[in-house]
Amino acid sequence: MRNTAGGGGERVLWTAIQAIQEKRKNTIIVLYTAFSNGEDKNTMLKQVEEKFGLVPNPKSIHVEKLERLGYVNREYSRMRLLFQSIGSILLCVEAMIKFVPDIYIDTLGYAFTYPFVKIFCKIPVVSYTHYPTISSDMRQAVASRESGVCNDEVINKSSILSAAKRMYYTIIFWAYSFAGSSADVVMANSTWTYNHIRKTFVGCEFINVVYPPCDTDGLVKFNLKGKINGSGKVIPRERKIISLAQFRPEKNQSLQIESFAKFLENCPEFKISKENENQKENDSSVKLIIMGGARNSADMERVEKLKLLSKQLDVSDQVEFIVNASYPEICDQLQTAICGLHTMKDEHFGINIVEFMASGAIPIAHKSAGPMMDIVVPYISPTPELKSAGVNQHEKDDESSGIRGGINSTTEDLTFLNGNFVGNLKKVNSELLTLQLEEARKSHIRESKLDKSGHNESGKSSDLAKAFPVGFLAITSSEFANAFECVFKLDSNVLNNMQIAGRNRAVNTFSSENFKEEFLKSLDQIHF
């Protein structure tokens, strides 16, 4: 099934379709979807090319139009999980009445449809799960009466309502566990998702991690130092922070604006001078670009509130919003920014962070879930000198390391518990590269001279590029503000090596080709 919301989830769908078309050329793919006004199969495929740069073969795609997508897309004010789950079943019934395939592949997370398909259609079920519909984290938030996206203040303040919601979540959880266990093959998009699904879909025999595809093929063509103009001259990257995420509550763009305001307060040299308007083009000023998709009027209202927040914090002249940007617009921003920002807590994966790394933007991400476990390799193996500068060991358990290609158990974490790191930044800049190279030697990693693409003379990816840190992790607005300061004050050699390491990791671990290979391997568990 196809959801019209776009984003990384839709890229997974179309890349999976391409993988099947390339490997199984005689296979007919039935796509269940709803069309917006004036949309048809041809316009849909054209939009896919514009948004993702993908060109699937239309001849082997058969489209079944669905009418009941509103049941799952509707914003229910209460009991959303229950009503959307029931809606997904009704949508699946409509789909199966119109056409019963040989294999049912779900990329939207509609786990409650699996028992219906298994029992009444008697066909294998394959699931690509972006995130669990309900997780132990959500249940814990209610149990501890912690306010958040899934637990509002009204319920949080009432012991009776909190108890009722705990019971509601428990019922949904066990129903979800039963339904998900009906799947024959489950692919999780990250270690965090895998850990939750493994504990929930206890009846499923095959569960593995398949990282979602990132358009690394196109993004790695960008020059690390900046954009190349028509005459072949490199225009240096701008002092710019970019954010790329849909305008949804959980993406927490308000934290981005608050962090940016705190950064400018701490570092006034990066502000635009209001005394002299001509200084708006001053090279020392930093700009925050917030890009994202708006699905509906509620999302657009959220954008307006964010604009108001930027005015209230007096940073509106350095914050720009780009809503529903086209693929070329996104690429233009990626190749001209110094760093990329991601602030969602417990993001299941974070494909935009990979896009930052592939394009040469230093990622600054929330220290939780997918970004922490699978994607961002922060400063590693700190020596005592680095520890004194603010580099501390990250507490990890046996489930916090990556399953395949993720961050290993020896990875250390750059934290911002105090101002020591920024205070000793000059010392770190001058010693960081030497210290980390020495740690690589001690670990018996063969270092070699890196070229601009992160490869050695033999053309193979350098182990050193894999070992070098690629970005920063933070939680609070103060920590994000410190991370901004670190990026814009980093020594150019350190910054360049972080770019190389980030691109190397993005290409080797998160490319579309890697996704296709792992997706087809998982699909081979079903013999058809």
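Residue numbering for the sequence shown follows the UniProt record's numbering, starting at 1 and increasing by one per position.
We put the CB at the ideal spot given by N, CA and C, even for glycine.
Small disclaimer: the values here were computed from a predicted structure and weren't measured.
Query	Result
Closer than 7 angstroms to a non-hydrogen atom of the ligand GTP - does that hold for the CB of LYS251?	The model on display carries no ligand, and the ligand GTP is accordingly not part of it.
Can you find a C-beta in chain B that's less than 8 angstroms from the C-beta of SER492?	Protein chain content of the structure displayed is limited to a single chain, and chain B is not contained in it.
Please state whether DSSP places ASP317 in a helix, a strand or coil.	helix
Assuming the contact rule is C-beta atoms closer than 8 angstroms, ARG503 and GLY350 should be a hit. Round their C-beta distance to whole Å, please.	With 8 angstroms as the limit, ARG503 and GLY350 do not qualify as a contact, their Cβ atoms being about 17 angstroms apart.
Candidates SER182, VAL220, VAL494, SER368: which alpha carbon is nearest SER511's?	VAL220
Suppose you measure from the CA of PRO469 to the CA of ILE119; what does that come to, to the nearest Å?	49 angstroms
Quick one, are the C-beta atoms of VAL186 and ILE197 less than 8 angstroms apart?	yes
Let's test the definition: count the other Cβ atoms within 10 Å of the Cβ of GLN312 and tell me whether it reaches 16, buried, or not, exposed.	exposed
Please identify the residue among MET138, TYR32, GLN84 whose C-alpha is closest to the C-alpha of GLU250.	MET138
Since ALA179 and THR129 should fall inside the 8 angstroms C-beta cutoff, what is the C-beta to C-beta distance between them, to a whole number of angstroms?	Incorrect: roughly 12 angstroms between the Cβ atoms, too far for contact.
Please report how far the alpha carbon of ASN508 lies from the alpha carbon of ASN223, in whole angstroms.	18 angstroms
Using only CA atoms, which one of PRO101, PRO268, ILE500, THR113 lies nearest to PHE488?	PRO268
Cα-Cα, which of ALA164, MET344, ILE228 is closest to GLU238?	ILE228
So the candidates are ALA16, GLY38, LEU308, CYS339; which of them puts its Cα closest to the Cα of ILE105?	ALA16
Considering only their Cβ atoms, is the gap separating LEU91 from ILE172 smaller than 8 angstroms?	no
Since LYS345 contacts LEU473 with CB under 8 angstroms, what's their CB separation in whole angstroms?	So it is not a contact: roughly 12 angstroms between Cβ atoms.
Going by DSSP, name the residue or residues bridged to LYS240.	LYS287
Might you give, ordered along the chain, the residues of its own chain that have their beta carbon closer than 8 angstroms to the beta carbon of PHE116, omitting 5 neighbours on each side?	ILE89, CYS92, VAL93, MET96
THR191 by DSSP, collapsed to three states: which one?	helix
Does the structure place the segment 300-310 close enough to the segment 243-262 that three or more beta carbon pairs sit under 8 angstroms?	yes
Starting from the C-beta of LYS124, find all residues in its chain whose C-beta is less than 6 angstroms away, skip the five residues before and the five after it, and write them out in chain order.	Before going further, note that residue 124 is Pro rather than Lys in the sequence given. Within the same chain, PRO124 has close Cβ partners ILE103, ASP184, ILE526.
What does DSSP give as the partner residues of ILE61 in its beta bridges?	ILE29
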